[in-house]
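Student:
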Amino acid sequence: MPAVMTVNGFEPGEDGGGPAECDGKYHSDDDMLVALSTGWYQGGVRCFRMIRITSAGTGRSVEAMVVDECDSRRGCKNNIVDTSKAVWKALGLDTNVGEETVTWSDA
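Note that the UniProt record's numbering numbers the sequence shown so that position 49 is 49, with each residue one more than the last.
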């Protein structure tokens with residue numbers, strides 16, 4: 001599925017907002033984590049499932065666990081894979097870029 005990957009903070013006080021939607025907890029940015037746009041999040045159906053993310057720029061792929069929703073009713077676009085800094089690092093990408101073209105699928 002084509003998507004735009006953005007950087008999300010999953011720790012307290014970061015730009016990710018409150019705790020993760022799947023479990024009501026904060027998580028480490030060092031873990032391979034993702035928040036999916038509302039449609040892809042499917043009301044929590046994908047919680048704690050792994051997805052495979054492939055960077056169009058580097059060609060690298062990683063797996064990350066869905067722990068949160070990027071709420072499309074509150075400004076998140078419908079094509080967003082919002083990931084932790086660990087995912088960016090594993091894909092060989094610079095988080096300062098802010099957005100990266102990716103594809104994703106259920107792992």
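Here a beta-carbon is modelled for each residue, glycine too, at the ideal position from N, C-alpha and C. As the structure is a prediction and not an experimental result, all values here were calculated from the model.
Quick check: the stretch 39-49 against the stretch 64-80, are there 3 or more CB pairs under 8 Å?
Tutor: Yes, since at least three Cβ pairs between the stretch 39-49 and the stretch 64-80 fall closer than 8 Å, the two stretches touch.
Student: Which value, in whole angstroms, describes the spacing of the CA atoms of Pro-2 and Ser-72?
Tutor: Looking at the two C-alpha atoms, the distance is approximately 17 Å.
Student: Thinking C-beta only, is Ile-80 closer than 9 Å to Met-5?
Tutor: Contact flag set, yes.
Student: For Glu-99 and Gln-42, I'd like the C-alpha separation in whole angstroms.
Tutor: Rounded to whole angstroms, Glu-99 to Gln-42 spans 23 Å at the Cα level.
Student: Which word fits Asp-15, buried or exposed, when buried means at least 16 other C-beta atoms lie within 10 angstroms of its C-beta?
Tutor: Classification of Asp-15: exposed, given that the 10 Å Cβ count is below 16.
Student: What is the rounded straight-line gap between the Cα of Asp-53 and the Cα of Ala-35?
Tutor: As written in the sequence, residue 53 is Ile, which differs from the Asp given in the question. Cα-Cα distance, rounded: 12 Å.
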